[in-house]
Amino acid sequence: MKISSIKRAVTAFVLLAMAAVFGSGLALAQTYQPGQQIEYKAQNWPEKWEVGTYVRDLPGGTQVLISEKPSQFFPEGFQRAYTLNEVREAAPPEAAQAPVARPAPRVAPAPAPVVRARPAAQPARGVGGAGAGLMSQQDVLGFLQQRLGDGDPFMNPGREAVLQALREEVLRRGVDFHSHAIGDFANQLGKFGALSNVTYALSDNFGPPAVQGELLGAWRLIKVGATTSVTRGGNNYQRQEYAGLAGSLTVNANGTYLWNSPSGMLRGNWRAASAEEMAKSDKGGAGVVLLAAKSGADWLVHKRTEEGPEGTGIMIRDLATRNLRERGTR
346 MKISSIKRAV
356 TAFVLLAMAA
366 VFGSGLALAQ
376 TYQPGQQIEY
386 KAQNWPEKWE
396 VGTYVRDLPG
406 GTQVLISEKP
416 SQFFPEGFQR
426 AYTLNEVREA
436 APPEAAQAPV
446 ARPAPRVAPA
456 PAPVVRARPA
466 AQPARGVGGA
476 GAGLMSQQDV
486 LGFLQQRLGD
496 GDPFMNPGRE
506 AVLQALREEV
516 LRRGVDFHSH
526 AIGDFANQLG
536 KFGALSNVTY
546 ALSDNFGPPA
556 VQGELLGAWR
566 LIKVGATTSV
576 TRGGNNYQRQ
586 EYAGLAGSLT
596 VNANGTYLWN
606 SPSGMLRGNW
616 RAASAEEMAK
626 SDKGGAGVVL
636 LAAKSGADWL
646 VHKRTEEGPE
656 GTGIMIRDLA
666 TRNLRERGTR
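End of the sequence shown sits at 675 in the numbering used here; the numbers just go up one at a time, nothing left out.
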């Protein structure tokens with residue numbers, strides 16, 4: 346092959362490569378319009394796409410703000426940031442009648458390496474709430490949304506401070522719903538990376554925080570036994586947890602108590618529980634501490650709320666470990 350032919354071939358290859366690069370650049374320059382319907386990847390495995398609404402591009406050019414499809418907690422759609430490869434144009438309505446190839450997700454260009462100082466952790470001051478009354482599920486999610494914004498909450502250096510502030514708000518106000526580990530609310534909460542200090546507080550503070558007067562008076566005690574195994578006639582049997590009567594407790598307004606337990610009658614004094622002692626049991630509101638009670642230990646008494654027929658009552662826990670517990674009902 347002549348040298349001139351080789352040069353022509355090399356030139357043609359370079360021109361094709363440049364065209365591919367510029368074409369790719371044009372594809373990346375594609376933009377969405379505010380209010381445009383767009384699909385976002387709602388779930389990685391199995392892969393699931395939902396239709397939402399494009400709001401705007403976010404600074405940096407690697408994320409866009411999407412208003413997700415409406416839910417019972419966000420009737421107008423929850424706004425969340427998605428990377429470019431997690432969004433794509435929504436197929437037109439008539440596309441449902443015949444399969445149409447959809448454009449590939451936009452891919453953000455690789456940014457040039459930049460060395461930046463990591464922002465200092467944000468202090469907890471200023472992230473607390475000042476609301477009143479029982480918190481709803483939308484109140485809880487709105488608290489997090491307002492303080493953590495539209496970006497990735499896991500990249501926010503103040504995330505743990507915000508979660509701790511939410512926990513304190515729940516302990517102070519209580520919630521108007523029973524929290525469960527599975528469901529739409531739990532999924533939304535998980536996107537903010539809620540820790541156990543938040544989920545435990547949500548589970549244990551249904552209803553308004555207790556006042557001291559609610560804990561006074563006589564209570565019938567029930568104790569739940571542990572699972573036990575026995576052998577009879579060469580066969581092994583297992584008895585699951587069961588509840589049995591465990592005496593009674595009377596908390597008097599004059600600062601004394603009377604605890605009638607299977608091990609005997611106990612008389613003593615009680616004091617108000619501190620906020621720190623209550624928080625260690627994930628409870629807000631008032632509590633009392635029975636001094637030198639069963640086994641010579643101090644025991645914490647606080648309000649108990651449960652789903653089902655038992656409803657509201659008290660829980661008695663040994664103050665040191667919280668492991669031993671008995672329930673009280675009227």
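A virtual CB, placed ideally from N, CA and C, is assigned to each residue, including glycine.
Can you find a heavy atom of the ligand SAM that lies under 7 angstroms from the Cβ of residue i?
i    : result
N605 : Only the bare structure without any ligand can be found here, which leaves the ligand SAM out of the picture.
Tell me which residue opens and which closes the alpha helix (DSSP H) that residue i is part of.
i    : result
M623 : 620-624
Y602 : Counting along the chain, Y602 falls outside any alpha helix (DSSP H), though it belongs to the beta strand (DSSP E) covering 601-606.
E505 : 504-518
D663 : No alpha helix (DSSP H) contains D663, which is instead part of the beta strand (DSSP E) from 657-663.
V543 : 541-549
V485 : 482-493
Please report how far the alpha carbon of residue i lies from the alpha carbon of residue j, in whole angstroms.
i    : j    : result
Q424 : V596 : 50 angstroms
F537 : L493 : 8 angstroms
Q388 : W394 : 7 angstroms
A372 : Q381 : With a pLDDT of only 37 at A372, under 50, the local geometry of the prediction cannot be trusted, and the value read off the model is given with reservation. Using only the alpha carbons, I get a separation of about 18 angstroms.
I661 : D529 : 33 angstroms
V400 : K414 : 13 angstroms
G673 : F488 : 34 angstroms
V561 : A598 : For clarity, residue 561 is Leu in the given sequence; the question names Val instead. Spanning the two alpha carbons is a distance of roughly 6 angstroms.
N581 : F419 : 53 angstroms
N532 : L429 : 22 angstroms
G496 : V507 : 15 angstroms
E434 : F499 : 27 angstroms
L403 : R504 : 20 angstroms
G549 : D627 : Just to set this straight, residue 549 is Asp in the shown sequence, not Gly. Roughly 7 angstroms separates the two Cα atoms.
M623 : K386 : 42 angstroms
I659 : A539 : 27 angstroms
V485 : I383 : 27 angstroms
E421 : Q491 : 16 angstroms
V515 : P437 : 44 angstroms
R678 : A617 : Nothing can be reported for residue 678: it is not among the residues displayed for the chain, which extend from 346 to 675.
L603 : I567 : 16 angstroms
Q378 : E652 : 47 angstroms
H523 : F551 : 6 angstroms
P391 : W615 : 56 angstroms
G406 : Q509 : 32 angstroms
H647 : T601 : 16 angstroms
N501 : E513 : 20 angstroms
V366 : V432 : Below a pLDDT of 50, predicted positions are generally treated as unreliable, and V366, at 39, falls in that range; no measurement from the model is reported.
G579 : G535 : 49 angstroms
E621 : S574 : 38 angstroms
T376 : L547 : 41 angstroms
Does residue i pass the burial test, meaning 16 or more other C-beta atoms within 10 Å, or should it be called exposed?
i    : result
Q417 : exposed
G592 : buried
V569 : exposed
Q482 : buried
L590 : exposed
E671 : buried
V543 : buried
I411 : buried
V556 : exposed
A526 : exposed
A665 : exposed
Considering just the uninterrupted stretch of the beta strand (DSSP E) at residue i, what are its terminal residues?
i    : result
F402 : Just to set this straight, residue 402 is Asp in the shown sequence, not Phe. Start and end: 393-402.
R425 : 424-428
E671 : 670-674
G535 : First-last for G535: 529-535, but that is the alpha helix (DSSP H), not the beta strand (DSSP E).
N614 : 609-617
S640 : Here S640 belongs to no beta strand (DSSP E), and DSSP marks it neither H nor E.
Q388 : 382-388
L410 : 408-412
V432 : 432-434
Kindly list the residues whose CB is nearer than 6 angstroms to the CB of residue i, restricted to its own chain and excluding five residues on each side of it in sequence; keep chain order.
i    : result
A554 : According to the sequence displayed, residue 554 carries Pro and not Ala. For P554, where only same-chain residues beyond five positions count, the Cβ hits under 6 angstroms are G519, G629, G630.
Q328 : It is not possible to answer for residue 328, since the shown part of the chain is limited to 346 through 675.
L511 : F488, V543
T657 : T650
A374 : Low per-residue confidence applies at A374: pLDDT is 40, beneath 50, and the placement is therefore not dependable, though the value from the model is reported in the following sentence. Once the five neighbours on either side are set aside, A374 has no close Cβ partner at all.
If I measure Cβ to Cβ from residue i and keep anything under 7 angstroms in the same chain, skipping five residues before and after, which residues do I get?
i    : result
S606 : A591, G592, K639
V396 : Q382, E384, K414, A435
D663 : A642, W644, L669
Please list, in chain order, all residues of the same chain as residue i whose beta carbon is under 8 angstroms from its beta carbon, the five residues on each side excluded.
i    : result
W564 : S593, L594, T595, V596, G658, I659, G673, T674, R675
K625 : R667
T398 : G380, Q381, Q382, I383, I411, S412, G422
T576 : Y582
E559 : A631, K648
Y545 : D627
Quiz prompt | Three CB pairs or more closer than 8 angstroms across the segment 634-652 and the segment 597-617 | solution = The segment 634-652, when compared against the segment 597-617, does touch it at the 8 angstroms Cβ threshold.
Quiz item: So, do the segment 475-485 and the segment 518-527 have three or more beta carbon pairs nearer to each other than 8 angstroms?
Solution: yes
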